[in-house]
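Residues in the sequence shown are numbered consecutively from 1, following this note's numbering. Every residue gets a Cβ at the ideal spot worked out from N, C-alpha and C, and that includes glycine. Here the structure is a predicted model, which means the values were calculated and not measured.
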Amino acid sequence: MFIPQEFIKKKRDNKPLNKSEIDDFIRGVSDGSVANEHISAFAMAVFFNGMSLDEKTNLTLAMKNSGNTLSWDLDGPIVDKHSTGGIGDVVSLMLGSMLAACGLYIPMISGRGLGHTGGTLDKLESIPGYNVFPDDKLFKKIVKECGVAIIGQTSSLAPADKRIYSIRDVTATVESVPMISASILSKKLAEGLDVLVMDVKVGSGAFMPTYELSVELAKSIVEISNNAGVKTEAILTDMNQCLAYSAGNAIEIKEAVDYLTCKRINPRLHNVNMALCVSALLNSGVVNDEDKARDKLEYVLKSGEALEVFAKMVSMLGGPNDFCENYDKYLPKANIIRPIFSDDYGVVESMNAVSLGMSVVGLGGGRIKPEDKIDHSVGLENIINLGSKVEKDTPIAIIHAKDEDSFMMAKQRVLNAISIGSKKPNIKEVYEIIKS
Ligand code: URA
Numbered sequence: 001m002f003i004p005q006e007f008i009k010k011k012r013d014n015k016p017l018n019k020s021e022i023d024d025f026i027r028g029v030s031d032g033s034v035a036n037e038h039i040s041a042f043a044m045a046v047f048f049n050g051m052s053l054d055e056k057t058n059l060t061l062a063m064k065n066s067g068n069t070l071s072w073d074l075d076g077p078i079v080d081k082h083s084t085g086g087i088g089d090v091v092s093l094m095l096g097s098m099l100a101a102c103g104l105y106i107p108m109i110s111g112r113g114l115g116h117t118g119g120t121l122d123k124l125e126s127i128p129g130y131n132v133f134p135d136d137k138l139f140k141k142i143v144k145e146c147g148v149a150i151i152g153q154t155s156s157l158a159p160a161d162k163r164i165y166s167i168r169d170v171t172a173t174v175e176s177v178p179m180i181s182a183s184i185l186s187k188k189l190a191e192g193l194d195v196l197v198m199d200v201k202v203g204s205g206a207f208m209p210t211y212e213l214s215v216e217l218a219k220s221i222v223e224i225s226n227n228a229g230v231k232t233e234a235i236l237t238d239m240n241q242c243l244a245y246s247a248g249n250a251i252e253i254k255e256a257v258d259y260l261t262c263k264r265i266n267p268r269l270h271n272v273n274m275a276l277c278v279s280a281l282l283n284s285g286v287v288n289d290e291d292k293a294r295d296k297l298e299y300v301l302k303s304g305e306a307l308e309v310f311a312k313m314v315s316m317l318g319g320p321n322d323f324c325e326n327y328d329k330y331l332p333k334a335n336i337i338r339p340i341f342s343d344d345y346g347v348v349e350s351m352n353a354v355s356l357g358m359s360v361v362g363l364g365g366g367r368i369k370p371e372d373k374i375d376h377s378v379g380l381e382n383i384i385n386l387g388s389k390v391e392k393d394t395p396i397a398i399i400h401a402k403d404e405d406s407f408m409m410a411k412q413r414v415l416n417a418i419s420i421g422s423k424k425p426n427i428k429e430v431y432e433i434i435k436s
């Protein structure tokens, strides 16, 4: 019989945990026979003592198997991307459409905004009619016919993670690389993937507080996922500033469509998107060298094939059939849309990307409490880049706000988040690729 305290004691004393013990523990998490106290003590023991690769893999797989898992019978590789989260990180929409246009299948299960970071689901819900929770049959049909469907996580996906995460959240055990790796991968691997590419952010707006910890997380995820049979790479990308021109829900959707129509492509966003897409194409074996991967991706973007995929996905999930041509007619608009200026002149030396993200939350574009309703219309547009020159009439950003009070609050937050001086900062988008 499984005795949780014996299991916890083993981890506390740094003794190896075997697969059947880990399976028993997660079974107990799912059926309620393991108590909250057991979960919190176990998480703390892992926090201090870490886990071996075998332990992490067994924990990930047990958590994945605690709920429904998807299986596919399609004529191409099943691929996804996961990001540790950021500001203006609208990559999923372009990446999903571009990879699908290259013949890959992307069943992307995305999340909502968390803290200062935006969430793909919240962004997609700016589109009237878009159903982020289709039933399994429709989800599978859209993946098959479009190549990509971006939807939300239901309670049947890795439910053990949901329970464990909610306890880690209130017991100071979120910041454990083995627990974060198992949590992220249990949900991603439940999608039945052949290939995964991880975007691990580094910088002032990143989930992990230092470059070294981002590398540790990236290595841990790559090792576990490959050990579990999914070809996985992680790319360390920059989150010292907003990734796109904009941050907010409807505003980012507009930017994604402008990217796919090639009307306006932010080079920073493009570099990160391309690096992730190239990794997915190479690892899924569709092409065998980077130049060919880049050519294929540029082709599907410029020819409009990726745009067509996105438009079809939106329509099949209940959005307007002419959304991409007429997004201005459909996306909600804020009452106030006005630029802000700084009293300081010089060069943008640094940004506090967390504060920038929190200014969007303060405008109503994110949540303070999980049950909060969000305002899809608000946010920041044309946010100034690191290294840009600021003169008297250089706009720092355009704020979209519902009223004067929230406009003034966001203005203060954005101006405080941006340091203007004389030193041009080093700017990079892609730092390193972690391979297995
Ligand atoms: N995101 C997750 O899904 N899980 C974690 O533990 C941390 C971030």
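Residue i to residue j span [Cα, whole Å]
i, j, result
"Thr154", "Gly111", "10 Å"
"Pro16", "Ile22", "11 Å"
"Lys429", "Lys11", "With the sequence shown as reference, residue 429 is identified as Glu, and Lys is not the correct amino acid for it. Going by the C-alpha atoms only, they are around 39 Å apart."
"Ser246", "Ile384", "10 Å"
"Lys423", "Glu349", "6 Å"
"Ile78", "Ile106", "6 Å"
"Ala62", "Ile180", "15 Å"
"Gly285", "Phe48", "39 Å"
"Ala190", "Leu157", "7 Å"
"Ala206", "Asp238", "8 Å"
"Trp72", "Gly192", "7 Å"
"Glu100", "Ala256", "Before going on, a small fix: residue 100 reads as Ala here, not Glu. The alpha-carbon atoms of Ala100 and Ala256 are separated by roughly 16 Å."
"Asn227", "Asn283", "15 Å"
"Glu233", "Gln5", "36 Å"
"Glu404", "Ile337", "10 Å"
"Ala401", "Leu415", "16 Å"
"Gly152", "Glu145", "19 Å"
"Glu223", "Leu53", "7 Å"
"Pro370", "His116", "13 Å"
"Asn271", "Asp13", "46 Å"
"Ser377", "Ala250", "6 Å"
"Arg268", "Tyr259", "12 Å"
"Gly119", "Thr394", "29 Å"
Residue i beta carbon near ligand 3 (any heavy atom closer than 8 Å)
i, result
"Asp405", "In terms of ligand content, the structure shown lacks ligand 3 and carries ligand 1 instead."
Residue i classed as buried or exposed, judged by whether at least 16 other C-beta atoms fall within 10 angstroms
i, result
"Pro209", "exposed"
"Val361", "buried"
"Gly32", "exposed"
"Val197", "buried"
"Gln412", "exposed"
"Gln241", "buried"
"Lys302", "exposed"
"Met1", "exposed"
"Ser436", "exposed"
"Ile8", "buried"
"Asn321", "exposed"
"Glu264", "Correcting the residue identity first, residue 264 is Arg in this sequence and not Glu. The residue is exposed, with fewer than 16 neighbouring Cβ atoms inside 10 Å."
"Ile399", "buried"
"Phe25", "buried"
"Lys329", "exposed"
"Glu175", "exposed"
"Val170", "exposed"
"Leu74", "exposed"
"Lys392", "exposed"
Nearest-angstrom Cβ-Cβ length linking residue i and residue j, presumed shorter than 8 Å
i, j, result
"Ala43", "Met108", "Not confirmed; about 28 Å, so no contact."
"Tyr130", "Gly318", "6 Å"
"Val46", "Pro159", "Wrong, their Cβ atoms sit about 19 Å apart, outside the cutoff."
"Leu331", "Ser126", "6 Å"
"Leu236", "Val202", "5 Å"
"Tyr431", "Val390", "Contact flag wrong, Cβ pair sits at about 26 Å."
"Gly357", "Gly248", "10 Å between Cβ atoms; not a contact."
"Val91", "Asn266", "Not confirmed; about 11 Å, so no contact."
"Gly387", "Pro425", "6 Å"
Within 9 Å, strictly: CB atoms of residue i and residue j
i, j, result
"Leu104", "Ala280", "yes"
"Met443", "Leu363", "For the chain, the structure presents residues 1 to 436; residue 443 sits outside this window and is missing."
"Ser66", "Ser225", "no"
"Thr261", "Gly304", "yes"
"Asp375", "Ala334", "yes"
"Tyr327", "Ile253", "yes"
"Ala275", "Ile433", "yes"
"Ile396", "Ser342", "yes"
"Val309", "Ser97", "yes"
"Cys102", "Cys277", "yes"
"Lys493", "Asp194", "Because the chain is modelled from 1 through 436, residue 493 falls outside the range shown and cannot be assessed."
"Thr60", "Ala182", "yes"
"Asp80", "Lys188", "yes"
"Ile39", "Ile142", "no"
"Gly421", "Val347", "yes"
"Ser220", "Lys373", "no"
### Task
Determine, using beta-carbon pairs with one atom in the segment 78-89 and one in the segment 351-360, whether at least three such pairs fall under 8 Å.
yes
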